[in-house]
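Q:
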Amino acid sequence: HAKETGRRWAWHDAEVDTAISRKQNLLAELDTALEKGQIWTVYQPKWDIPLDRLDGAEALVRWTHPERGNISPDIFIPILEKADRIADLTLYVLDRALRDFSRFDAERPGLVCSVNISAQLLHDPDFINDAIARVGLASLDNSQVVFEVTETAALEDMEASIAALEKIRAAGIRISIDDYGTGQSTMSYLQKLPVDEIKIDQSFVRTLTTDRANALMVRSTVELAHGLGLKVVAEGIEDRECMNQLREYGCDVGQGWFVSKPVTADSFNSRWIQAEAG
Ligand code: C2E
Ligand code: CA
Ligand code: CA
Ligand code: CA
Numbered sequence: 490h491a492k493e494t495g496r497r498w499a500w501h502d503a504e505v506d507t508a509i510s511r512k513q514n515l516l517a518e519l520d521t522a523l524e525k526g527q528i529w530t531v532y533q534p535k536w537d538i539p540l541d542r543l544d545g546a547e548a549l550v551r552w553t554h555p556e557r558g559n560i561s562p563d564i565f566i567p568i569l570e571k572a573d574r575i576a577d578l579t580l581y582v583l584d585r586a587l588r589d590f591s592r593f594d595a596e597r598p599g600l601v602c603s604v605n606i607s608a609q610l611l612h613d614p615d616f617i618n619d620a621i622a623r624v625g626l627a628s629l630d631n632s633q634v635v636f637e638v639t640e641t642a643a644l645e646d647m648e649a650s651i652a653a654l655e656k657i658r659a660a661g662i663r664i665s666i667d668d669y670g671t672g673q674s675t676m677s678y679l680q681k682l683p684v685d686e687i688k689i690d691q692s693f694v695r696t697l698t699t700d701r702a703n704a705l706m707v708r709s710t711v712e713l714a715h716g717l718g719l720k721v722v723a724e725g726i727e728d729r730e731c732m733n734q735l736r737e738y739g740c741d742v743g744q745g746w747f748v749s750k751p752v753t754a755d756s757f758n759s760r761w762i763q764a765e766a767g
């Protein structure tokens with residue numbers, strides 16, 4: 490029996506080793522991947538619910554690895570965050586998105602461009618300055634840019650986070666609290682944070698029409714947010730019933746497969762920009 494346990498441990502160690510070396514490989518490969526265009530962005534449309542028209546899109550990063558194929562951001566983002574390499578990736582995505590949106594904006598002015606910013610970057614003044622400068626240089630108006638920050642990490646070290654958020658907002662860039670509802674947000678916390686928008690997590694939105702508790706959560710969040718003067722975005726809308734329900738609740742913006750899956754810059758341009766303009 491002891492022998493068997495020993496073998497199981499040996500096997501477990503090998504598995505852990507593979508996981509560790511995979512992580513190290515990804516980190517070592519980041520620069521090459523950025524240079525060779527193996528890291529790229531897709532855009533998921535956001536729909537203005539009351540106006541019934543395109544509001545903008547969120548940039549989502551993709552990594553097509555030469556041997557491993559497509560790696561999910563849920564896998565590589567946390568690795569880059571832990572290794573303090575997330576600033577490089579984020580600036581790359583931001584630049585890409587700003588460039589693509591400058592092109593879209595020429596055809597369809599006023600589109601909103603959302604980019605995900607890991608909350609730990611709020612504690613990196615070089616990153617914050619750099620990001621603000623890049624938005625400033627882009628032809629888009631700064632108010633067309635939204636930084637989506639997850640609520641859990643925004644809670645850590647409130648003072649420093651608030652200072653960074655205020656700096657971003659002072660530049661005219663808007664702030665959205667991402668994955669709202671999954672962390673520990675309270676009303677008093679929301680009141681303290683200098684934000685413009687909250688984005689209700691898809692785990693509440695997807696089951697809206699079948700789960701009464703989630704429906705209640707979404708409805709009361711819309712009311713709360715509007716009471717605080719914030720815009721509300723719902724993510725993870727997968728069918729028409731869900732969209733209709735959100736419209737009834739007064740939700741401002743919707744995103745999800747019902748509107749569109751994330752698409753490449755070229756298809757966003759042809760399907761959403763040219764189609765609307767034409
Ligand atoms: P997120 O910011 O909450 O993005 C929404 C995720 O839900 C995306 O997954 C999107 O493809 C997916 N999704 C959208 N609509 C639906 C729907 O109707 N149903 C379902 N089931 N899923 C939907 P994705 O692209 O795999 O991204 C996963 C996470 O990775 C993102 O979650 C975000 O936290 C992170 N991420 C992606 N791109 C970036 C980035 O450039 N920077 C940083 N820091 N994080 C990123
Ligand atoms: Ca997001
Ligand atoms: Ca600008
Ligand atoms: Ca989410």
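Counted the way full-length UniProt numbering counts, the sequence shown spans residues 490 to 767.
Note that CB positions come from ideal geometry on N, CA and C, so glycine has one too.
(1) Along the alpha helix (DSSP H) that carries Ser-756, what are the first and last residues, could you check?
(2) Is the closest heavy atom of ligand 2 to the C-beta of Glu-637 under 7 Å?
(3) Take the Cβ of Asn-605 as the centre, count every other Cβ of all protein chains shown within 10 Å, and call the residue buried at 16 or more, exposed below.
(4) Express the C-alpha separation of Glu-524 and Tyr-581 in angstroms, rounding to a whole number.
(5) Enumerate, from N- to C-terminal direction, the unbroken beta strand (DSSP E) stretches of 3 or more residues contained entirely within the stretch 644-705.
(6) Can you give me the Cβ contacts of Thr-671 inside the same chain, cut-off strictly under 6 Å, excluding the 5 residues immediately before and after it?
(7) Taking Glu-737 as the reference, which of Ser-749, Ser-756, Glu-712, Pro-751 has the closest Cα?
(8) Can you tell me the Cα-Cα spacing of Ile-726 and Val-748, whole angstroms?
(9) Tell me, please, whether the stretch 703-712 touches the stretch 500-518 by the rule of three or more beta-carbon pairs shorter than 8 Å.
(10) Around the C-beta of Gln-763, are 16 or more other C-beta atoms found within 10 angstroms, so that it is buried, or is it exposed?
(11) For ligand 1, I want to know if Glu-686 counts as a neighbour, meaning its beta carbon is within less than 7 Å of at least one of the ligand's heavy atoms.
(12) Check Leu-515 in the structure and name its three-state DSSP category.
(13) Taking the alpha helix (DSSP H) that Leu-569 belongs to, which residues open and close that run?
(14) Given Thr-753, which residues of its chain have a CB within under 7 Å of its CB, disregarding the five upstream and five downstream residues?
(15) Please go through the same chain and pick out, in chain order, the residues whose beta-carbon is closer than 6 Å to the beta-carbon of Ile-560, but skip the five residues on each side of it.
(16) Would you call Ala-659 buried or exposed, if buried means 16 or more other Cβ atoms sit within 10 Å of its Cβ?
(17) Should Glu-570 be counted as a contact of ligand 2 given a C-beta to heavy atom distance under 7 Å?
(18) With hydrogens ignored, establish whether the beta-carbon of Val-631 is closer than 7 Å to any heavy atom of ligand 1.
(19) Figure out for me which residue from Ser-692, Gly-526, Ile-621 has the closest Cα to the Cα of Asn-631.
(20) Considering only C-alpha positions, which residue in the set Leu-626, Ala-627, Gly-745 is nearest to Lys-688?
(21) So for Trp-529, helix, strand or coil by DSSP?
(22) Name the residue from His-612, Val-635, Thr-698, Ile-651 whose alpha carbon lies nearest to the alpha carbon of Arg-663.
(23) Does the beta-carbon of Ala-546, which I'm using as the reference point, lie nearer than 7 Å to any heavy atom of ligand 1?
A: So, from the listed chains and residues:
(1) Counting along the chain, the alpha helix (DSSP H) containing Ser-756 begins and ends at 754-757.
(2) Residue side-chain check: Glu-637 places its Cβ nearer than 7 Å to a non-hydrogen atom of ligand 2.
(3) Buried, because 16 or more other Cβ atoms sit within 10 Å of the Cβ of Asn-605.
(4) One C-alpha to the other measures close to 10 Å.
(5) Along the stretch 644-705, the beta strand (DSSP E) occurs as fully enclosed runs of 3 or more residues at 663-669, 686-689, listed in sequence order.
(6) For Thr-671, where only same-chain residues beyond five positions count, the Cβ hits under 6 Å are Asp-690.
(7) Distances from the alpha-carbon of Glu-737 to those of Ser-749, Ser-756, Glu-712, Pro-751 put Glu-712 closest.
(8) Rounded to the nearest whole angstrom, the CA to CA distance from Ile-726 to Val-748 is 8 Å.
(9) At 8 Å Cβ cutoff, the stretches do not touch.
(10) It is exposed - the Cβ of Gln-763 has fewer than 16 other Cβ atoms within 10 Å.
(11) Not under cutoff, so the answer is no.
(12) Under the three-state reduction of DSSP, Leu-515 is assigned to helix.
(13) If you look at Leu-569, you'll find it in the alpha helix (DSSP H) that goes 562-571.
(14) Answer for Thr-753: Val-531, listed in chain order.
(15) These residues qualify, in order along the chain: Trp-552, His-554.
(16) Per the 10 Å Cβ criterion, exposed.
(17) Checking the 7 Å criterion, the Cβ of Glu-570 is out of range of every heavy atom belonging to ligand 2.
(18) Rather than Val, the amino acid found at residue 631 in this sequence is Asn. Every heavy atom of ligand 1 is 7 Å or more from the Cβ of Asn-631, so no.
(19) Looking at the Cα atoms, Ile-621 is the closest of the given residues.
(20) Ranked by Cα distance from Lys-688, the first of Leu-626, Ala-627, Gly-745 is Gly-745.
(21) Residue state, collapsed to three classes: strand.
(22) Of the listed residues, the one whose Cα sits closest to Arg-663 is Val-635.
(23) Result no, Cβ not under 7 Å from ligand 1.
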